[in-house]
Amino acid sequence: GAGVSQSPSNKVTEKGKDVELRCDPISGHTALYWYRQSLGQGLEFLIYFQGNSAPDKSGLPSDRFSAERTGGSVSTLTIQRTQQEDSAVYLCASSYRTASGSPLHFGNGTRLTVT
Amino acid sequence: AQKITQTQPGMFVQEKEAVTLDCTYDTSDPSYGLFWYKQPSSGEMIFLIYQGSYDQQNATEGRYSLNFQKARKSANLVISASQLGDSAMYFCAGASGGSNYKLTFGKGTLLTVNP
Numbered sequence: 236g237a238g239v240s241q242s243p244s245n246k247v248t249e250k251g252k253d254v255e256l257r258c259d260p261i262s263g264h265t266a267l268y269w270y271r272q273s274l275g276q277g278l279e280f281l282i283y284f285q286g287n288s289a290p291d292k293s294g295l296p297s298d299r300f301s302a303e304r305t306g307g308s309v310s311t312l313t314i315q316r317t318q319q320e321d322s323a324v325y326l327c328a329s330s331y332r333t334a335s336g337s338p339l340h341f342g343n344g345t346r347l348t349v350t
Numbered sequence: 023a024q025k026i027t028q029t030q031p032g033m034f035v036q037e038k039e040a041v042t043l044d045c046t047y048d049t050s051d052p053s054y055g056l057f058w059y060k061q062p063s064s065g066e067m068i069f070l071i072y073q074g075s076y077d078q079q080n081a082t083e084g085r086y087s088l089n090f091q092k093a094r095k096s097a098n099l100v101i102s103a104s105q106l107g108d109s110a111m112y113f114c115a116g117a118s119g120g121s122n123y124k125l126t127f128g129k130g131t132l133l134t135v136n137p
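Chains as they are written, first to last, in my numbering: chain A, 236 to 350; chain B, 23 to 137.
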């Protein structure tokens with residue numbers, strides 16, 4: 236079946252602008268994650284959604300970052316007033332469940348460049 | 023929290039030979055899981071193999087096997103019969119607390135398979 240879909244694949248924005256990144260998880264997967272991959276920091280956890288539970292936002296780097304998941308499916312990661320240090324690849328993943336052994340399936344990512 | 027260490031920034035292997043990619047972990051949690059992911063130059067993160075802390079046998083998936091040594095806190099990935107398509111970044115990741123969100127990733131190892 237279809238994998239995790241992310242859009243756009245590339246985004247170039249000017250410093251100070253807001254951006255929205257979209258993630259469409261695999262159908263039937265209840266857990267959804269956002270990670271960030273940058274040269275300096277490697278792969279970092281940002282936020283996690285599981286069903287109707289409150290999301291774990293502990294990885295969001297600042298209050299400029301927010302995410303929502305509507306209807307238990309599509310998720311949007313929003314970065315307000317972008318800064319150059321926000322430049323990275325933003326990876327979305329989903330999994331069937333969160334018990335150990337249920338692998339995360341990643342999308343191809345959105346490459347964000349802040350100029 | 024987990025700490026994942028991959029000490030090999032880069033590795034080279036001849037086609038058809040086996041290669042071992044190192045990963046050590048550090049957690050005080052008795053329940054944890056270890057994952058290996060492959061990231062080709064295209065950027066997608068591909069799940070390869072998983073090992074749970076309570077699993078009695080080393081995990082195997084086709085040409086991939088995990089050499090899991092709890093006493094040494096190591097979970098090395100062994101790729102047998104290397105193929106040119108195996109050239110990629112390989113990430114070891116850990117999850118603890120019986121859940122597999124908040125994966126902690128190592129810095130990765132860039133594997134190059136030579137013809």
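Yeah, the Cβ is synthetic: ideal placement off N, Cα and C, and Gly gets one too. Since the structure is predicted, the reported quantities are computational estimates derived from the model, not experimental observations.
Reference residue i; option with closest CA among the options
i      : options                        : result
B/E39  : B/T126, B/L106, B/F113         : B/L106
B/L56  : B/V135, B/S104, B/Q91          : B/Q91
B/W58  : B/S96, B/S50, B/P137           : B/S96
B/T134 : B/T27, B/Q28, B/E37            : B/E37
B/S53  : B/S75, B/Y47, B/M33            : B/S75
A/E320 : A/G275, A/L326, A/R304         : A/G275
A/C327 : B/Y123, B/L132, B/C45          : B/Y123
A/P296 : A/P260, A/T348, A/Y270         : A/Y270
A/K322 : A/S240, A/A237, A/L256, A/G238 : Lys is not the amino acid found at residue 322 of chain A; the sequence shown has Ser there. Cα-wise, what sits closest to A/S322 is A/L256.
A/Y283 : A/S273, A/R304, A/G277         : A/R304
A/T345 : A/P338, A/A237, A/S242         : A/S242
A/T348 : A/Q272, A/K292, A/S330         : A/Q272
Exposure of residue i, with buried meaning 16 or more beta-carbon neighbours within 10 Å
i      : result
A/S244 : exposed
B/D87  : Per the sequence shown, the amino acid found at residue 87 of chain B is Ser instead of Asp. Looking at its Cβ environment, which holds 16 or more other Cβ atoms inside 10 Å, B/S87 is buried.
A/G342 : buried
B/A115 : buried
B/N98  : buried
A/D253 : exposed
B/T49  : buried
A/A237 : exposed
B/F34  : exposed
B/P31  : exposed
B/T126 : buried
B/A110 : buried
A/G251 : exposed
Endpoints, beta strand (DSSP E) assigned at residue i
i      : result
B/V35  : 32–36
B/D48  : 46–48
B/N89  : 86–91
B/M67  : That residue, B/M67, is in no beta strand (DSSP E); it is neither H nor E in DSSP.
A/A237 : Note, A/A237: premise wrong, no beta strand (DSSP E); not H, not E.
B/N136 : 131–136
A/K250 : Counting along the chain, A/K250 falls outside any beta strand (DSSP E), and DSSP gives it neither H nor E.
A/Q272 : 266–273
A/S337 : Counting along the chain, A/S337 falls outside any beta strand (DSSP E), and DSSP gives it neither H nor E.
B/N98  : 96–101
B/A115 : 110–118
B/G55  : 54–61
Span separating the alpha-carbon of residue i from that of residue j
i      : j      : result
A/R332 : A/A266 : 6 Å
A/S288 : A/E249 : 35 Å
B/G130 : A/K246 : 25 Å
B/Q61  : A/G286 : 28 Å
A/H340 : B/F69  : 7 Å
B/V41  : B/I101 : 5 Å
A/Q315 : A/F300 : 7 Å
B/D108 : B/M67  : 13 Å
B/N89  : A/T317 : 43 Å
A/V324 : B/Y72  : 24 Å
B/A117 : B/T82  : 19 Å
B/S104 : B/P137 : 10 Å
A/P338 : A/T350 : 35 Å
Counting only runs that start and end within the segment 277–322 of chain A, where is the beta strand (DSSP E) found for 3 or more residues in a row? 277–285, 300–304, 310–314
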